[in-house]
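J.: Have a look at the structure that comes next, please.
Residue numbers (this note's numbering), protein chains in the order written: chain A, 18 to 130; chain B, 28 to 141.
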């Protein structure tokens, strides 16, 4: 039973480019959560999605960031026109249901040059 | 979610018992206390969760006094592989359900050496 998968594990982008981070939830899980971890800090909630729906995006920056979880395929966190401050580890978690525990993936480390 | 305070870092030798205390003075009546472990370059991993008194599993024990304003994670006989950051969360689970937003503080960085 594979856990939460994230790819790529490491991503390097230059300022102004786009970053696409992918998350495949655990089998049977239809709820996905994205978190961001800046260096030496704890994880900060960004967005919560259920298949084809954004449930809570209260932690998402208003500009340049978007997330989707299509009916087929992985959830994608997209960051447009990246800036150096976007450099962080981005973690995805999934749960079977809204009221069940979240399991975390290994993260994607984004470096913006 | 209630604010938590825990030491920034701790050091221990291999084979010792390690106790990490978390303060949560504003814990709500319905809130559980949950501890996560995070190794470098990995996502957080659930360790243990409790509401009151004592909870024990194969990895750790969690001690919660009667007033529930603090909790102590106890790791018996740590090894080098227990070197990680440990996070205390309050309110991630409540008596009525599970939160969809988990709030992590800066955690306690445990360094285990020989």
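Heads up, the beta-carbon is just placed ideally off N, CA and C, and yes, glycines get one too.
1. Opposite residue 80/B in the DSSP bridges: which residues?
2. Between residue 112/B and residue 131/B, what straight-line distance do the alpha-carbon atoms span, to the nearest angstrom?
3. Give the residues of chain A in contact with residue 129/B, contact being defined as C-beta atoms less than 9 Å apart.
4. Among all the DSSP beta bridges, which residues are the ones paired with residue 36/A?
5. I'd like to confirm the pairing. Which residues does DSSP put opposite residue 67/A in its beta bridges?
6. Buried or exposed for residue 75/A, going by 16 or more other Cβ atoms inside 10 Å?
7. Sorted by chain position, which residues of the same chain lie with C-beta nearer than 7 Å to residue 37/A's C-beta, five sequence neighbours on each side aside?
8. State buried or exposed for residue 138/B, treating a residue as buried only when at least 16 other CB atoms are found within 10 Å of its CB.
9. By how many angstroms is the C-alpha of residue 70/A removed from the C-alpha of residue 29/A?
10. Quick check: is the beta carbon of residue 71/B nearer than 8 Å to any beta carbon in chain A?
11. Please report how far the alpha carbon of residue 65/B lies from the alpha carbon of residue 95/B, in whole angstroms.
12. At what residue ranges does the segment 91-132 of chain B contain a whole run of the beta strand (DSSP E), taking only runs of 3 or more?
13. Rounded to whole angstroms, what's the CA-CA distance from residue 26/A to residue 125/A? Just pull it up for me.
14. Any idea if residue 140/B is buried or exposed, counting beta-carbon neighbours within 10 angstroms, 16 or more meaning buried?
15. Given residue 121/B, which residues of its chain have a CB within under 6 Å of its CB, disregarding the five upstream and five downstream residues?
16. Where does the unbroken beta strand (DSSP E) through residue 64/B begin, and where does it stop?
17. Using a Cβ-Cβ cut-off of 8 Å, state whether residue 65/A counts as contacting chain B.
18. In terms of alpha-carbon separation, which member of 126/B, 104/B, 100/B, 106/B lies closest to residue 115/B?
19. Looking only at its own chain, which residues have a Cβ that is under 6 Å from the Cβ of residue 38/B, when we skip the five neighbours before and after it?
20. Determine, for residue 122/A, whether the minimum Cβ-Cβ distance to residues of chain B falls below 8 Å.
21. Please confirm if residue 42/B has its CB atom under 8 Å from at least one CB of chain A.
T.: Answer, in terms of the structure:
1. 91/B
2. 11 Å
3. 50, 52, 60, 62, 110, 119
4. 96/A
5. 48/A, 70/A
6. exposed
7. 93, 95
8. exposed
9. 29 Å
10. yes
11. 24 Å
12. 97-102, 111-121
13. 4 Å
14. exposed
15. 57, 58
16. 58-65
17. yes
18. 100/B
19. 138
20. yes
21. no
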